[in-house]
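S.K.: Just so you know, the protein sequences line up as chains U and E, in that order.
The working numbering numbers the first residue of the first sequence as 1486 and each following residue consecutively.
The working numbering numbers the first residue of the second sequence as 1486 and each following residue consecutively.
Number of protein chains: 2
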Amino acid sequence: MTPREILRQHIQKTILLSDEQFSYFFSFFKPMSFKKGQQLIRVGDDVDCEYFVLSGCLKTFFVNDDQKMHILQFALQTWWASDYRALYNHEKASVNIDCVTDTETLCLHAEDREKVCKEIREVETFLRWRSNKGYISLQKRILSLLNNDARSRYEELMQQYPELYNLVPKHLIAAYLGVSRETLSRLYNSK
Amino acid sequence: MTPREILRQHIQKTILLSDEQFSYFFSFFKPMSFKKGQQLIRVGDDVDCEYFVLSGCLKTFFVNDDQKMHILQFALQTWWASDYRALYNHEKASVNIDCVTDTETLCLHAEDREKVCKEIREVETFLRWRSNKGYISLQKRILSLLNNDARSRYEELMQQYPELYNLVPKHLIAAYLGVSRETLSRLYNSK
DNA sequence: TACATAATGTGATCTACATCACCTAATGAT
DNA sequence: ATCATTAGGTGATGTAGATCACATTATGTA
């Protein structure tokens, strides 16, 4: 699939755009490719765009004072990633985004996004629904953090995103689940 | 302030509506008042509306197999509450909402919301931004759950929403923080 | 006014998970 | 091919917070 097709199919799950409308929207996306380990956003940066993942894997993460990393999101194909707090409030980045693997993305600038939103009603509807889905999935994760122990959080994640198992180093999975890498290792090497 | 004024001021923080536009939007909101302990949404219910809080306090919560309650959200004045997963995906409710105190709300049906969204562009923009803000605040809470211990989560909450201290029983605060009521009690009675 | 129920406090004990220390196995760079 | 770096495994030990048990104080209700 071409980048264009990947994006189009993704959007069409929510709304219908004419060829013309889609072409117009698509024209604002700039292809950007990154190597494993490359940083897209660093804490303190100005943030003016968001990334749509075509292939590979990004991680959005925070590093605390003790140098401990917490992962807010892995972004695989058709996922979106940015520091949305910074992007929407015009603040400096408070999280980092970098590449877990080589990654191809389409980059959309916030001002272009707002421009197209005004011009094409359906695009705004799409973005509203995208936000809703994001909200719902974060709520699910909060519930999982409150209710489940490390083992069932791990099993839940592996069941929902099995591709992460081979794609992402285990210590990053641990940093996503909120568990130490040692404990995670013990979890799936026993039982 | 009248309900109308409360809603209008809330919306105007994000977008501008003419008197006419606002009156039209407002006409779809139905005042609904509830007594402390009354249930707005129960697991398994059909969900077709969302609530805008005028006064009082709601809680959105989940009860697990061990009868342990986890609170996803407290909703105070100008907050919105519903089971958004159910509302957006036309599923049965997977969480409960009830009243922590006597509560006045304005109720908006999903079909009316979508109707007004189509008719008034600014309303759709408002809802898109509302979702974004919700997403950002859930992300903040996830980070807090991953990074902070019970004490600092408690202090963070009390600092951000001091009104909860006298409004909400401590065992509910505990259920929001993801800590046992005993531990919470010890936290603020020592140190 | 009395009684039931909900909210809160506090000690004793238990446990999931963190931390530390050290090891082996991959992976990658020169 | 060699060496450094990163990933991963595993034992020993420490600890935040859960759980259990029971007392105390509010709150609501007949």
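In this text, a Cβ means the ideal position worked out from N, Cα and C, and glycines have one as well.
Closer than 8 Å by beta-carbon distance: list the chain U residues that pair up with E:E1609, in chain order.
M.R.: Mapped onto the second sequence, residue 1609 of chain E falls at position 124. Neighbours of E:E1609 on chain U, chain order: R1606, E1609, T1610, R1613.
S.K.: Find the residues of chain E that neighbour U:Q1624, judging by a C-beta separation of less than 8 Å, and give them in chain order.
M.R.: Within the first sequence, the letter at position 139 stands for residue 1624 of chain U. Within chain E, the residues near U:Q1624 are L1557, Y1569, R1570, L1623.
S.K.: Counting along the chain, where does the beta strand (DSSP E) carrying E:K1520 start and finish?
M.R.: For this step, residue 1520 of chain E is matched to residue 35 along the second sequence. First-last for E:K1520: undefined, no H or E at that position.
S.K.: In the region 1526–1548 of chain E, which residues sit with their C-beta less than 7 Å from some C-beta in chain U, listed in chain order?
M.R.: F1547
S.K.: Per DSSP, E:T1590 forms a beta bridge with which residues?
M.R.: Working through the second sequence from its first residue, we reach residue 1590 of chain E at position 105. For E:T1590, which the question treats as bridged, DSSP gives the partners E:M1517, E:V1538.
S.K.: Of the residues U:R1489, U:T1545, U:L1642, U:T1668, which one's Cα is nearest the Cα of U:I1582?
M.R.: Taking the first residue of the first sequence as 1, we reach residue 1582 of chain U at position 97. If we check each option's Cα against that of U:I1582, U:T1545 comes out closest.
S.K.: List the residues of chain E that U:Y1620 touches, going by C-beta distances under 7 Å, in chain order.
M.R.: What you label residue 1620 of chain U is simply residue 135 of the first sequence in a count that begins at 1. By Cβ distance, chain E contributes Y1569, S1616, G1619, Y1620, L1623.
S.K.: Distance check for E:Q1506 and E:T1590, CA to CA, integer angstroms please.
M.R.: Translated into the one-based positions of the second sequence, residue 1590 of chain E becomes position 105. Translated into the one-based positions of the second sequence, residue 1506 of chain E becomes position 21. Going by the C-alpha atoms only, they are around 21 Å apart.
S.K.: Cα separation between E:F1510 and E:C1534?
M.R.: Here residue 1510 of chain E is taken as the residue at index 25 of the second sequence, counted from 1. Here residue 1534 of chain E is taken as the residue at index 49 of the second sequence, counted from 1. Using only the alpha carbons, I get a separation of about 15 Å.
S.K.: Within 10 angstroms of the Cβ of U:Y1650, are there 16 or more other Cβ atoms? Answer buried if so, exposed if not.
M.R.: As a working mapping, residue 1650 of chain U is identified with position 165 in the first sequence. So U:Y1650 ends up on the exposed side.
S.K.: Rounded to whole angstroms, what's the CA-CA distance from U:V1653 to U:K1520? Just pull it up for me.
M.R.: Your numbering for residue 1653 of chain U matches position 168 in the first sequence. Your numbering for residue 1520 of chain U matches position 35 in the first sequence. Whole-angstrom Cα-Cα distance: 15 Å.
S.K.: From E:A1635 to U:V1664, what does the alpha carbon distance come to, in whole angstroms?
M.R.: Here the question's residue 1635 of chain E lines up with position 150 in the second sequence. Here the question's residue 1664 of chain U lines up with position 179 in the first sequence. Going from the Cα of E:A1635 to the Cα of U:V1664 covers about 16 Å.
S.K.: Cβ of E:Y1573 less than 8 Å from any chain U Cβ?
M.R.: Within the second sequence, the letter at position 88 stands for residue 1573 of chain E. For E:Y1573, the answer is yes, since a Cβ of chain U falls inside 8 Å of its Cβ.
S.K.: Any Cβ of chain E within less than 8 Å of the Cβ of U:L1642?
M.R.: Locating residue 1642 of chain U in the first sequence gives position 157, where the first residue counts as 1. Closer than 8 Å: no.
S.K.: Where do the N-terminal and C-terminal ends of the alpha helix (DSSP H) with E:H1575 fall, by residue?
M.R.: Against the second sequence, residue 1575 of chain E aligns to sequence position 90. E:H1575 -> no alpha helix (DSSP H), and no H or E assigned at all.
S.K.: On the DSSP letters alone, give me the boundaries of the beta strand (DSSP E) that U:N1581 sits inside.
M.R.: Translated into positions along the first sequence, residue 1581 of chain U becomes position 96. Note, U:N1581: beta strand (DSSP E), 1581–1584.
S.K.: Flag this pair as touching only if the region 1609–1626 of chain E and the region 1547–1556 of chain E have three or more C-beta atom pairs under 8 Å; answer yes or no.
M.R.: Note that the region 1609–1626 of chain E does not touch the region 1547–1556 of chain E; fewer than 3 beta-carbon pairs, one per stretch, sit closer than 8 Å.
S.K.: Can you tell me whether DSSP reads U:K1544 as helix, strand or coil?
M.R.: Here residue 1544 of chain U refers to the residue found at position 59 when the first sequence is read from its first residue. In this structure, U:K1544 counts as strand in the three-state DSSP scheme.
S.K.: By the three-class DSSP mapping on this structure, what secondary structure does U:M1643 have?
M.R.: Position 158 of the first sequence, counting from 1, holds the residue named residue 1643 of chain U. Three-state result, U:M1643: helix.
S.K.: State buried or exposed for E:L1677, treating a residue as buried only when at least 16 other CB atoms are found within 10 Å of its CB.
M.R.: The requested residue 1677 of chain E does not occur in the structure, where chain E is confined to residues 1486 to 1676.
S.K.: E:N1632 versus chain U: which residues are under 9 Å apart at the beta carbon?
M.R.: Sequence index remark: in the second sequence, residue 1632 of chain E carries index 147 (1-based). Ordered by position in chain U, the residues that pass the 9 Å Cβ test against E:N1632 are F1547, N1549, K1553, H1555, G1663.
S.K.: With the cut-off set at 8 Å, would you say E:A1578 and E:G1529 are in Cβ contact?
M.R.: Here residue 1578 of chain E is taken as the residue at index 93 of the second sequence, counted from 1. Here residue 1529 of chain E is taken as the residue at index 44 of the second sequence, counted from 1. A contact, by the Cβ cut-off of 8 Å.
S.K.: Can you give me the C-alpha to C-alpha distance between E:N1617 and U:I1621, rounded to a whole angstrom?
M.R.: Working through the second sequence from its first residue, we reach residue 1617 of chain E at position 132. Working through the first sequence from its first residue, we reach residue 1621 of chain U at position 136. The straight-line gap from Cα to Cα measures roughly 12 Å.
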